[in-house]
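Numbered according to our numbering, the sequence shown spans residues 1312 to 1473.
These notes are about the structure you will find just below.
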Amino acid sequence: MRTQPIFPKQANLPSELKTWLYAAGSLTQQLTQLAGGQFKVEPLQQSFQRLNLQDAQWMQMPHWHTSWVRESYLYGCDEQPWVKAKSIFPILSLQSKARLFQHIGNKPIGWFLFQRTNPLCQRRVVLLDEGWTRQSCYTWHGCKFIVQETFLPRFEQFIQQH
1312 MRTQPIFPKQ ANLPSELKTW LYAAGSLTQQ LTQLAGGQFK VEPLQQSFQR
1362 LNLQDAQWMQ MPHWHTSWVR ESYLYGCDEQ PWVKAKSIFP ILSLQSKARL
1412 FQHIGNKPIG WFLFQRTNPL CQRRVVLLDE GWTRQSCYTW HGCKFIVQET
1462 FLPRFEQFIQ QH
């Protein structure tokens, strides 16, 4: 298992994924459009965890800071998931407007994040064991959090066929 991500300069980024990895805006909306209006979120787990050093540095927070982490699968028009999503909300963000994300159940984060707003976003693209991943550090209503989206093999197959 890889402990450090590989950054795009160190690997060959598939051309069909490049657009998706660097796209601005709501991935929820983009996947829904690609899937002809179909979209589903399947929450996998939610728990409180400490920030890892890399994420803490990116958000400029202490690494011992606790955060609420939500992992889920995102589906388009297939029975297999297209994306594995992981959202990391530091406790400080949950004490503010971002607290609503703790209670959205199987609704997509993007639906709330991009509703009547265009949050500031820093992005990095990495290759993880599960696939090519975009990591976005958002600043939304003064709250900082990370949304990580890993494009799974089934998604790559779908976009190659369509």
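For each residue, glycine too, the CB sits at the ideal point set by N, CA and C.
query	result
Is Ala1396 helix, strand or coil by DSSP?	strand
May I have a chain-ordered list of the beta strand (DSSP E) segments no shorter than 3 residues that lie completely inside the stretch 1329–1372?	1351–1361
Using 8 angstroms for Cβ pairs, my map puts Val1474 next to Glu1460. What's the rounded Cβ distance?	Since the first residue shown for the chain is 1312 and the last is 1473, residue 1474 is missing from the structure and cannot be characterised.
Considering only the beta carbon of each residue, do Pro1354 and Ser1383 sit closer than 7 angstroms?	yes
Is the Cβ-Cβ distance between Gly1442 and Cys1388 less than 7 angstroms?	no
Within 10 angstroms of the Cβ of Gln1321, are there 16 or more other Cβ atoms? Answer buried if so, exposed if not.	Bear in mind that the predicted position of Gln1321 carries a pLDDT of just 49, short of 50, making it unreliable; the figure below should be weighed with that in mind. Gln1321 is exposed by the Cβ-count criterion.
Pick out whichever of Asn1429, Thr1444, Val1380 has its Cα sitting closest to the Cα of Leu1405.	Val1380
Buried or exposed: which applies to Asp1440, given that a residue is buried once 16 or more other Cβ atoms fall within 10 Å of its Cβ?	exposed
Using C-beta distances below 6 angstroms, list every residue in its chain close to Leu1431, excluding the 5 sequence neighbours before and after it, in chain order.	Thr1450
Note down the Cα distance separating Gln1471 from Thr1330, rounded to an integer number of angstroms.	13 angstroms
Since Gly1442 sits in a beta bridge, which residues does DSSP pair it with?	Leu1439
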